[in-house]
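Chemist: What follows is a single structure, and I will ask about it in a moment.
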Amino acid sequence: MKVFNDLNNLPPFRNAVVTIGSFDGVHIGHQHILEKVTSLANSINGESIVITFHPHPRLVVYPKDESMKLITTIEEKVQLLHRYGIDNVVVAPFTIEFSQISADEYIQKFLVEKFHPRYIVIGFDHRFGLNRQGDINYLKWHGEKGGYRVIEIPKQEVDHITVSSTKIRRALDSGDMVAARLLLGHHYPLSGTVTHGNKIGAGIGFPTANLDVGQKHKLVPPAGIYAVWVHHQKQRYGGMLYIGNRPTLRQFKNKTIEVNIFDFNKDIYGDKLQLELVERIRDDHQFKDLDDLKKQLEKDRSSAHKILEAQPQPEREKKMSQFPPAAVVILNYNGRAYLEQFLPSVLASTYPNFELIIADNGSTDGSLSFLAEHYPSVRRIDLRDNHGFAQGYNLALRLIEAPYYILLNSDVEVSPGWIEPIIELMERDQSVGACQPKILSYHNRENFEYAGASGGWLDTLGYPFCRGRIFAVTEKDTGQYDKPEEIFWATGAAFFVRSQLFHALEGFDGDYFAHSEEIDLCWRMKRAGYKVMVQPQSAVYHVGGGTLSYNTPRKVYLNFRNSLFTLMKNEEATRLAWLIPLRVVLDGLAGVLFLSQGKFQHIRSIIAAHWAFFPHLNRTWKKRRHIRELIQKVSISPSPNLAGRYKGSIVWQYYARRKHFFKNL
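Numbering (this note's numbering), first residue to last: -10 to 654.
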């Protein structure tokens, strides 16, 4: 990557794809834009360019504002942009004089003459020129004359970036480095120059390098001890960082930032250190004397070692062999429009060892001809008929060999690096049979999406709900469910599963056609002792209802029918005697609710679902016995894994107690 700080000394760029912004933190929201820029540049054999301003414009326009805290310094930002594959970074000096140029000058003298862009990727709310007179429409209007085309970043994506930055600052202010990393997509960076200290640490066996951050606007997390990675002259070391006023040493009252570097003995005064803050170990405390402080530091060092040893290796240190093959399989049915819209983001995934496969369920909208023309290198499986979600995937996956299957709906937009966190989790813990990312709404990116949200649960009566979604109520994503956890079922919208386990349990139940098949399969895994997980570090955006709308009579029929099938096949036999009759009563109450809403077709769907279930009890019971035999062959535990099973009734909590949010249960 090339970095330019002088606007008067820029080279001619080839087919430049330009984006402009502060990119403070270079977090996951920014990474999504960077992926668009690099993907577009690659498609036209061009160069990707990020233009960022320094100092931050707000610090120049409002110089007396001391409240501004930056997630990254300019040096940290440039390093992160390099990590995410940008060809060129232009650090444009932001001055009072620059802020006074007109919108026309900004376009012609700055953008066109300096960069000669083919494409400008920019947010819908981008303003420029004196008094912010220029906007995206003005930029588009000048496009033909300037020889460029504007790619607009939509409002919901820009809003998501703003919300993410707020969440990151909130996490950093509270010292929650784990939550910050989930939102950033990388550890929080803290850089500085090593200065001379008082050598108190060396006297008790914990020599430290005192850091001068040098940027008063850099956000420094709260006082405490942190496990960190320390980078010095292209070498990485473990360490523990102290931030605080050293209350045990009463003669010193100034705030200090100092790091004890493990297995390190070099003179580094005046050198630069780059730190990655991994996890906060404890608050800052006052101790009786230095002996007590030393004892605590020994415990802290042990804690830091454990935290760092549990961390996955950095991407650049991994060999290709450490990335097991993964097959991303999209089952398509008349989803050409979604393929056109979302395939580019899937193909731009950064996981280095995946194959994309489109299995087509007998589409009649020209999907296969579109793929043949525009994506001839993508493997296609033509199933000729519409077998539904469950059997369609069963048929396709019999033809695919890979340790991991990633089943992805066609109406899903993926985030950069969406595969890696989940494969890493499943590689570290072989008892994880299936996993899902966080599912957010494509149309309202601050909210969870109906199909899966942040992981599926099941109540005592067999009703499914999610962290972030109960019945039709979806929560706003404020980071409340951002830690990886065991769940009961993973959504089929973005379903990661071990291929060997999938086939050993004979995959989905093809009789389901669609809906609840993933709950049924996950329940079988749980009965065999496996874990089902959600990894919110990975996030995708789901349109929802792309091939089967949520609120239709057909959906209601499949929902009620398949829910009963799932209970009959998996629930304890002693509970079925009273549970099935109770579910019939509750289904009747659901019919009364539909009657009050005037949804008469939905009532017919419930009746049809029961007629489809009860005449097949004997056949379903035979399936139950067969499934029990399959589970015994693959079981890794003598007892089922009940994590994610809610002991109460979600129907009672939702309708009687008015608890509509998962966190309130």
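Ideal Cβ positions, reconstructed from N, Cα and C, are used throughout, including at glycine.
#1: What residue does the alpha helix (DSSP H) around Val574 start on, and which one ends it?
#2: Pop quiz: Gly499 and Trp478 are said to be a contact at Cβ under 8 Å. What is the actual Cβ separation, rounded to whole angstroms?
#3: Inspect the beta-carbon positions of Leu490 and Ala423 and report whether they are closer than 9 Å.
#4: Which parts of the region 56 to 109 are runs of the beta strand (DSSP E), unbroken and 3 residues or longer, counting only runs that do not cross its ends?
#5: Grouping DSSP H, G and I as helix and E and B as strand, with all else coil, what is Glu464?
#6: When the cut-off is 9 Å and only beta carbons count, does Asp(-5) lie next to chain D?
#7: Can you check which of these residues, Ile157, Ala92, Leu264, is closest to Tyr231 by C-alpha distance?
#8: Decide if Ile639 is buried, meaning its Cβ has at least 16 other Cβ atoms within 10 Å, or exposed.
#9: For Ser628, does the three-state DSSP call read helix, strand or coil?
#10: Under the rule that 16 or more other beta-carbon atoms within 10 Å means buried, what is Trp600, buried or exposed?
#11: Take the Cβ of Thr563 as the centre, count every other Cβ of all protein chains shown within 10 Å, and call the residue buried at 16 or more, exposed below.
#12: With a 10 Å radius around its C-beta and 16 neighbouring C-beta atoms as the bar for buried, classify Glu329 as buried or exposed.
#13: Flag this pair as yes or no: are the beta carbons of Val202 and Val267 separated by less than 9 Å?
#14: With a Cβ-Cβ cutoff of 9 Å, do Tyr431 and Val523 count as a contact?
#15: Looking at C-beta atoms only, is the number of pairs between the region 162 to 182 and the region 137 to 146 that lie closer than 8 Å three or more?
#16: CA-CA distance, His649 and Lys134?
#17: From this set, Ile33, Lys58, Ala81, which residue's C-alpha is nearest Asn(-3)'s C-alpha?
#18: Would you mind reading off the limits of the alpha helix (DSSP H) that contains Lys295?
#19: If we ignore side chains and look at the alpha-carbon of each, how far apart do Met309 and Ile193 end up?
#20: Tell whether a beta-carbon distance below 9 Å holds between Ile408 and Gly518.
#21: So Ala440 and Ala379 are supposed to be a Cβ contact under 8 Å. How far apart are they, rounded?
#22: Return the CA-CA distance between Met57 and Ile40, expressed in angstroms with no decimal places.
#23: Would you identify the three-state DSSP class for Val318, choosing helix, strand or coil?
#24: Grab me the residues of Lys(-9)'s own chain with a C-beta within less than 6 Å of its C-beta, minus the 5 sequence neighbours each way, in chain order.
#25: Which partner residues does Ala191 have in the DSSP bridge list?
#26: Is it buried or exposed for Leu582, if we count other Cβ within 10 angstroms and need 16 for buried?
#27: Could you tell me the distance, in whole angstroms, from the CA atom of Val401 to the CA atom of Asp289?
#28: Are the beta-carbon atoms of Ile150 and Phe117 separated by less than 9 Å?
#29: In angstroms with no decimal places, state the Cα-to-Cα distance between Leu360 and Ile319.
#30: Give the list of continuous alpha helix (DSSP H) stretches no shorter than 4 residues that lie fully inside the region 127 to 199.
#31: Inspect the CB distances between the region 622 to 636 and the region 445 to 459 and report whether three or more fall short of 8 Å.
#32: Taking all protein chains shown into account, decide if Gly512 is buried (16 or more other Cβ within 10 angstroms of its Cβ) or exposed.
#33: What's the gap between the Cα of Glu306 and the Cα of Gln224?
#34: Asp349 lies in the beta strand (DSSP E); which residues open and close that run?
#35: So what does DSSP say about Pro525, is it helix, strand or coil?
#36: Rank Val421, Ser366, Arg458, Gln419 by C-alpha distance to the C-alpha of Asn436 and give the top, closest one.
Modeler: Result, derived from the coordinates:
#1: That run of the alpha helix (DSSP H) goes 562 to 585.
#2: Incorrect: roughly 18 Å between the Cβ atoms, too far for contact.
#3: yes
#4: 77 to 82
#5: coil
#6: Looking for chain D here will not work: only one protein chain is present.
#7: Leu264
#8: buried
#9: coil
#10: exposed
#11: exposed
#12: exposed
#13: no
#14: Cβ atoms of Tyr431 and Val523: not closer than 9 Å.
#15: no
#16: 54 Å
#17: Answer by Cα proximity: Ala81.
#18: 279 to 298 is the span of the alpha helix (DSSP H), which, as asked, contains Lys295.
#19: For Met309, the predicted model reports a pLDDT of 35, less than 50, meaning its position is unreliable; a value from the coordinates is still stated below. About 43 Å.
#20: no
#21: Rounded to whole angstroms, the Cβ separation of Ala440 and Ala379 is 15 Å, and the two are not in contact under 8 Å.
#22: 21 Å
#23: strand
#24: Asn77
#25: Note: Ala191 sits in no beta bridge, so no partner.
#26: exposed
#27: Asp289 has its alpha-carbon roughly 43 Å from the corresponding atom of Val401.
#28: no
#29: 13 Å
#30: 132 to 135, 144 to 162, 166 to 173, 189 to 192
#31: Judged by pairs of C-beta atoms under 8 Å, the region 622 to 636 touches the region 445 to 459, as three or more such pairs exist.
#32: Inspection of the sequence shows that residue 512 is occupied by Trp rather than by Gly. Classification for Trp512: buried.
#33: Low per-residue confidence applies at Glu306: pLDDT is 42, beneath 50, and the placement is therefore not dependable enough to give any value.
#34: 343 to 349
#35: strand
#36: Arg458
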